[in-house]
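Protein chains in written order, with our numbering: chain A, 31 to 321; chain B, 590 to 865. Encoded as structure tokens, the structure appears first; notes follow it.
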Amino acid sequence: MNKLQTVKQMVAQLEDGMTIGIGGWGPRRKPMALIREILRSDLKDLTIVAYGGADVGMLCAANKVKKVIFAFVSLDFIPLEPFFRKARQNGDIDIMEIDEGMMLLGLRAAAWGCPFIPTQVGLGTDVVKVNPDLKVIDSPYDDKEWVAMPALKLDAALIHVDRADVRGVCQITGPDHYMDDWFVRAAKKSLVTCDELVGSEVFNDPNAARCVFWERSLTTAVAHVPAGAHPTSCAPFYGFDTAHFKEYNACARDGGFELYFDKYVKNKCETDYQELVGGIDTIKRLALPVY
Amino acid sequence: MTIAKEYSLAELMICAAAEAFRHDGEVLATGIGLIPRLGASLAMKTFNTDLMMTDSEAYLLSEPNPVGPRANDYIQQNETWMGFSRIFDNVWSRKRHAMVGPTQIDQFGQANISALGSDYSKPKVQMLGVRGFPGNSISHPNSFFVPSHNTRVFVKGECDMVASIGYNPERLPKGYQLDDIDIRLVITDLCVMDFNGPDHQVRLVSLHPGVALNTVIENTGFAIHIPQNVKTTAAPTQEQLAIIASLDPHNLRAKQLKDNPPGDRTTAAKLAEEVA
Numbered sequence: 031m032n033k034l035q036t037v038k039q040m041v042a043q044l045e046d047g048m049t050i051g052i053g054g055w056g057p058r059r060k061p062m063a064l065i066r067e068i069l070r071s072d073l074k075d076l077t078i079v080a081y082g083g084a085d086v087g088m089l090c091a092a093n094k095v096k097k098v099i100f101a102f103v104s105l106d107f108i109p110l111e112p113f114f115r116k117a118r119q120n121g122d123i124d125i126m127e128i129d130e131g132m133m134l135l136g137l138r139a140a141a142w143g144c145p146f147i148p149t150q151v152g153l154g155t156d157v158v159k160v161n162p163d164l165k166v167i168d169s170p171y172d173d174k175e176w177v178a179m180p181a182l183k184l185d186a187a188l189i190h191v192d193r194a195d196v197r198g199v200c201q202i203t204g205p206d207h208y209m210d211d212w213f214v215r216a217a218k219k220s221l222v223t224c225d226e227l228v229g230s231e232v233f234n235d236p237n238a239a240r241c242v243f244w245e246r247s248l249t250t251a252v253a254h255v256p257a258g259a260h261p262t263s264c265a266p267f268y269g270f271d272t273a274h275f276k277e278y279n280a281c282a283r284d285g286g287f288e289l290y291f292d293k294y295v296k297n298k299c300e301t302d303y304q305e306l307v308g309g310i311d312t313i314k315r316l317a318l319p320v321y
Numbered sequence: 590m591t592i593a594k595e596y597s598l599a600e601l602m603i604c605a606a607a608e609a610f611r612h613d614g615e616v617l618a619t620g621i622g623l624i625p626r627l628g629a630s631l632a633m634k635t636f637n638t639d640l641m642m643t644d645s646e647a648y649l650l651s652e653p654n655p656v657g658p659r660a661n662d663y664i665q666q667n668e669t670w671m672g673f674s675r676i677f678d679n680v681w682s683r684k685r686h687a688m689v690g691p692t693q694i695d696q697f698g699q700a701n702i703s704a705l706g707s708d709y710s711k712p713k714v715q716m717l718g719v720r721g722f723p724g725n726s727i728s729h730p731n732s733f734f735v736p737s738h739n740t741r742v743f744v745k746g747e748c749d750m751v752a753s754i755g756y757n758p759e760r761l762p763k764g765y766q767l768d769d770i771d772i773r774l775v776i777t778d779l780c781v782m783d784f785n786g787p788d789h790q791v792r793l794v795s796l797h798p799g800v801a802l803n804t805v806i807e808n809t810g811f812a813i814h815i816p817q818n819v820k821t822t823a824a825p826t827q828e829q830l831a832i833i834a835s836l837d838p839h840n841l842r843a844k845q846l847k848d849n850p851p852g853d854r855t856t857a858a859k860l861a862e863e864v865a
């Protein structure tokens, strides 16, 4: 089955009010080409589930978001995401703030068809106070109470991977695939951009096959977007663009998101964008961070 | 063991942080931030060689990585893969001790990195979010690192957003005891504290050299238990300083605290007295 699409075709499948999960972690391997396409679209009232970075900040700044389900939103080396921060401090968005592990459990519950997964996580904290939808239940086996983490069912998951073939076999060779596999499993459809489109024979190599974390039946569509994660990283190909993030962050102080949007997103295709940020070779030379 | 005569406050705090991990045995030590990470690394290189640590990305190491840029031919001592999803398997199996740096800590040891202000729907300052604090705090021991000890960090009342469970009887979940919570050491730029006072009250363990007891009391927004004998935080040994230097070859520790103050502030305290 050939699942090749353009990012435009992918975003056309999304609807107002949908719950959308975004893969990656903070400034790492976010499907930014898809985010930019959403920024250019008329989509609105989205509920976003993410280990958040600029993906969440940009969508909030562009008024695409009704609610964010998150454990953190951060650019890592810039700890606080400027536009998410603004949206929160202005009271512009609804939120469900949960622990990082609770989010994983919510995605697993959705993937496994469970209404919830019991956990200790969140007990004794304000997480159970500020989220009235989060129920605390009695254990049927002992005298303890548990948090019933509800399934986080996604209408769509947006993911960026290193390599994919046209059938939707997706490979992530960076050190961590984060929770991308669970986002895909929790979603009705999974829209995946890839840095490299490869022939299926690539996966004949056992080490290549080991870096495939979900079955192709879970991939709805694939778009070939080299450097499509920029300005976030796609290890081992390229690191995140610190200079670009600094400029983005500075826009929050002077000029606002419109300045950033007009310069990098509005009326521009991904090729225009790449030229504006120095070209694909420059992106591929962005150093991987050392921790 | 030769006690060092000259050492920075950062180095004193690294050694104090290492003590938190001394009796942990074979657990994953996670120090968030440079000084806690160096503290855990020092413990792993000296008195608790059974500790495990990650490369702060996805691999479990048998030897702590030096911090900062490393030579191209540096080979980190990988032991196994431990990506983010597997970290939670480790957290929930309880074999971990994290040292974290909250923005607010209250009298119960509840901590906050999420948001400041009384209106949660419109916070005065949105910070990171609760991150892994709720899960860490109920699953395994945690210690705190505070680079600037003041009443904005050690708050009166409760934290604005309680992100981690502490020794608050009012919030204790059904079927739990206060002893099920395990908060270990609090390392600040003034002192070391723990929660072993009466009824898990915060207790002063040691004052850093040259720090007056009143300075700690005035800069803490709640009452702390002062035992009969308050020790002075142990100065680093020359051996410890040499290991710290090897773990931090670019001296990034010198940039962690404002103006990189000396570890022993007795002279500075005396000078201030004379001027007054």
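Beta carbons are placed, not taken as given, at the ideal position from N, Cα and C, and that holds for glycine. These numbers were taken from a predicted model, which means no experiment stands behind them.
At a cut-off of 8 Å between C-beta atoms, A:Met-209 counts as an interface residue with respect to chain B. Inclusion of A:Gly-269 and A:Leu-316 in the CB contact set at 8 Å is warranted, their separation being smaller than that value. The contact set of A:Pro-109 on chain B, defined by CB atoms closer than 7 Å, consists of Leu-717 in chain order. Note: A:Gln-201 is bridge-paired with A:Arg-193 in the DSSP secondary-structure output.
Residue pairing of A:Arg-240 in beta bridges, as defined by DSSP: absent, with no partner found. Residue contact check for B:Met-633 against chain A: no CB pair falls below 8 Å. Interface with chain A (8 Å Cβ-Cβ cutoff): B:Val-751 is included.
B:Ala-687: member of the beta strand (DSSP E) spanning 685-689, first to last residue.
Sorting A:Ile-128, A:Tyr-171 and A:Val-307 by C-alpha distance to the C-alpha of B:Val-719 places A:Ile-128 at the top. Contact note: B:Gly-724 reaches chain A through Asp-129, Glu-130, Gly-131, Met-132, Thr-149, Gln-150, Val-151 and Gly-152, using a C-beta cutoff of 9 Å and chain order.
Contact annotation for A:Ser-104 against chain B: Leu-717, Gly-718 and Arg-720 [CB-CB distance below 9 Å, chain order]. Below 8 Å, enough C-beta pairs join the stretch 187-203 of chain A and the stretch 249-267 of chain A to call them touching: three or more. For A:Lys-293, the enclosing alpha helix (DSSP H) covers residues 286-294. From the beta-carbon of A:Thr-262, no residue of chain B is found nearer than 8 Å; the closest lies around 15 Å away. Judged by beta-carbon spacing, A:Asp-185 lies beyond the 8 Å limit of A:Thr-36, meaning their Cβ atoms are not closer than that value.
Beta-bridge analysis with DSSP links A:Thr-301 to no other residue. The beta carbon of B:Asp-771 sits closer than 8 Å to the beta carbons of His-729, Pro-730 and Asn-731 from its chain, once the five residues preceding and following it are set aside; these are given in chain order. Any Cβ of chain A closer than 8 Å to the Cβ of B:Gly-764 would place that residue at the interface, and such an atom is present. Cβ contact annotation for A:Ala-117 (same chain, cutoff 6 Å, sequence separation greater than five): Cys-90 and Ile-123, in chain order.
For B:Thr-777, the CB contacts under 6 Å within the same chain, skipping 5 residues up- and downstream, are Val-735 and His-738 in chain order. A distance below 6 Å between beta-carbons, with the five flanking residues on each side excluded, links A:Arg-215 to the following residues of its chain, in chain order: Ala-141. Cβ neighbours of B:Pro-787 within its own chain (closer than 7 Å, five residues either side excluded): His-814. When CB distances to chain B are screened at a threshold of 7 Å, not a single residue of the stretch 62-94 of chain A falls below it. Counting the other Cβ atoms within 10 Å of the Cβ of B:His-839 gives fewer than 16, which makes it exposed.
Within the same chain, Leu-598 come within 6 Å of B:Pro-850 by CB-CB distance, once the 5 residues on both sides are set aside. Selection B:Pro-762, B:Phe-722 and B:Leu-767 evaluated against B:Met-750 yields B:Phe-722 as nearest (Cα-Cα). In its chain, beyond the 5 residues on either side, Val-37, Lys-38, Met-40 and Val-41 have a beta carbon closer than 8 Å to the beta carbon of A:Glu-67.
For a Cβ distance threshold of 7 Å, residue set Gly-131 of chain A lies close to B:Val-680, ordered along the chain. In this structure A:Trp-212 is in contact with A:Arg-138, their Cβ atoms being roughly 6 Å apart against a cut-off of 8 Å. Taking C-beta atoms as the reference points, B:Val-742 and B:Gln-693 count as a pair closer than 8 Å. Out of A:Arg-193, A:Asp-271, A:Pro-266 and A:Tyr-278, the CA that lies nearest to the CA of A:Arg-246 is found in A:Arg-193. Short of 7 Å from the beta carbon of A:Pro-112, and not among the five residues preceding or following it, lie these beta carbons of its own chain, in chain order: Gly-87, Asn-279 and Ala-282.
Taken in chain order, the whole beta strand (DSSP E) runs of length 3 or more contained in the stretch 684-737 of chain B are 685-689 and 731-735. Contact check for B:Thr-822 against B:His-797 passes: the beta carbons are separated by less than 8 Å. In the DSSP assignment, the residues bridged to A:Ser-263 are A:Arg-58. Only residues of its own chain outside the window of five on either side were considered, and among them Glu-175 have a CB closer than 7 Å to the CB of A:Asp-168, listed in chain order.
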